[in-house]
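In the numbering used here, the protein residues as written are 187 to 386. Every residue gets a Cβ at the ideal spot worked out from N, C-alpha and C, and that includes glycine.
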Amino acid sequence: MKRIAIMGSGNGSNFEAIVKYFSGKPDFAVDITCLSDNVNAYIIERAKNLGIKYKYLPFEQNGKYFAVNNFDLIVLAGYMRILPDDVLNLGKFINIHPSLLPSFKGKDAIYRAFEAGVKVSGVTIHYVTSDIDGGKIIAQYPVLIGNLMHFDEFENEIHAVEHKLYPIVIEKLLKDEVFDFTDLVGSCSGNCSGGCAECH
Ligand code: GAR
Numbered sequence: 187m188k189r190i191a192i193m194g195s196g197n198g199s200n201f202e203a204i205v206k207y208f209s210g211k212p213d214f215a216v217d218i219t220c221l222s223d224n225v226n227a228y229i230i231e232r233a234k235n236l237g238i239k240y241k242y243l244p245f246e247q248n249g250k251y252f253a254v255n256n257f258d259l260i261v262l263a264g265y266m267r268i269l270p271d272d273v274l275n276l277g278k279f280i281n282i283h284p285s286l287l288p289s290f291k292g293k294d295a296i297y298r299a300f301e302a303g304v305k306v307s308g309v310t311i312h313y314v315t316s317d318i319d320g321g322k323i324i325a326q327y328p329v330l331i332g333n334l335m336h337f338d339e340f341e342n343e344i345h346a347v348e349h350k351l352y353p354i355v356i357e358k359l360l361k362d363e364v365f366d367f368t369d370l371v372g373s374c375s376g377n378c379s380g381g382c383a384e385c386h
């Protein structure tokens with residue numbers, strides 16, 4: 187059985203999407219642990235409701251924790267701290283970011299992309315380095331921004347793509363499978379604004 191840790195500091199919607207995706211795959215068992223550096227984070231409520239084991243893990247204790255707890259993959263999902271190299275060396279860490287990196291690194295990326303007037307943004311999944319949102323890119327998926335699109339609509343589309351993309355990419359990495367863009371867009375989420383391969 188594969189073991190993953192999902193680290194988040196806040197809402198936890200990606201965490202929930204990942205848990206639900208793997209609970210629908212009884213032929214591929216994944217043991218999930220939720221870790222949060224914020225004792226009041228909603229991600230912890232979600233873990234309780236979903237029956238997933240969880241732990242409050244203060245930032246300063248990451249090194250000690252990952253030195254003795256081994257995971258096949260450590261998945262950052264809204265984790266709001268920069269992990270130092272001595273922690274990153276203890277596992278394989280990936281992150282999701284709500285823009286097409288290397289554009290719009292850092293906080294409030296969805297809002298900043300929208301305000302800049304870009305016509306294509308999207309979602310990136312990448313390896314984590316101590317360079318914020320700067321590690322090697324694993325997967326990306328576009329979201330088109332029409333001139334009549336309202337910010338809320340754009341933001342919802344970004345999150346819908348995140349929730350669809352992240353679980354698939356995690357599965358591919360855990361299975362050590364080579365994958366291509368077309369493997370990620372097998373069935374349209376209905377939220378792609380016509381940008382996905384199926385809707386073109
Ligand atoms: C997600 O949109 C994720 O891409 C973003 O935080 C949100 C967490 O939402 N991460 C970053 O901006 C990383 N630089 P969630 O807690 O509901 O999964």
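### Message
Considering only their Cβ atoms, is the gap separating His312 from Ile356 smaller than 9 Å?
### Response
no
### Task
Report yes if the C-beta of Ser209 is less than 8 Å from at least one heavy atom of ligand 1; otherwise report no.
no
### Task
Would you mind stating whether Asn200 and Gly264 have Cβ atoms separated by less than 9 Å?
yes
### Message
At a threshold of 8 Å, does His336 count as lining ligand 1 (C-beta to nearest heavy atom)?
### Response
no
### Message
I'd like to know if the stretch 244-259 and the stretch 283-293 are in contact, where contact means that at least 3 CB-CB pairs between them fall below 8 Å.
### Response
no
### Message
Among Leu269, His283, Thr219, whose alpha-carbon lies nearest the alpha-carbon of Phe257?
### Response
Thr219
### Query
At what residues does the alpha helix (DSSP H) containing Phe340 begin and finish?
337-360
### Query
Between Tyr240 and the rest of its own chain, which residues show a CB-CB distance below 6 Å, the 5 nearest in sequence each way excluded?
Cys220, Ile230, Ala233
### Query
Between the C-alpha atoms of Arg189 and Pro244, what's the straight-line distance to the nearest angstrom?
21 Å
### Task
Could you round the C-beta distance between Pro353 and Ala215 to whole angstroms and report it? I think they count as a contact, below 8 Å.
In fact, because the Cβ distance is near 14 Å, the residues do not count as touching under 8 Å.
### Supposed close pair Phe300, Phe340 - CB separation, criterion 8 Å
6 Å
### Assumed close pair Pro284, Ile344 - CB separation to whole angstroms, cut-off 8 Å
5 Å
### Query
Between Lys350 and Gln326, what straight-line distance do the alpha-carbon atoms span, to the nearest angstrom?
12 Å
### Message
Check this for me: beta carbons of Thr310 and Ile323, under 9 Å apart or not?
### Response
yes
### Query
Short check: CB of Asp217 to CB of Tyr242, under 9 Å?
no
### Task
Would you check if the distance between the CB atom of Met266 and the CB atom of Gly198 is smaller than 9 Å?
no
### Task
Could you tell me if the beta carbon of Ser199 falls within a distance shorter than 8 Å of some heavy atom in ligand 1?
yes
### Message
Which runs of the beta strand (DSSP E) at least 3 residues long sit entirely within the stretch 229-289? Give them in chain order.
### Response
239-242, 259-262, 279-283
### Message
In this structure, how does DSSP classify Leu387 when only helix, strand and coil are distinguished?
### Response
This structure does not reach residue 387, given that the chain is present from 187 up to 386, and the question cannot be answered.
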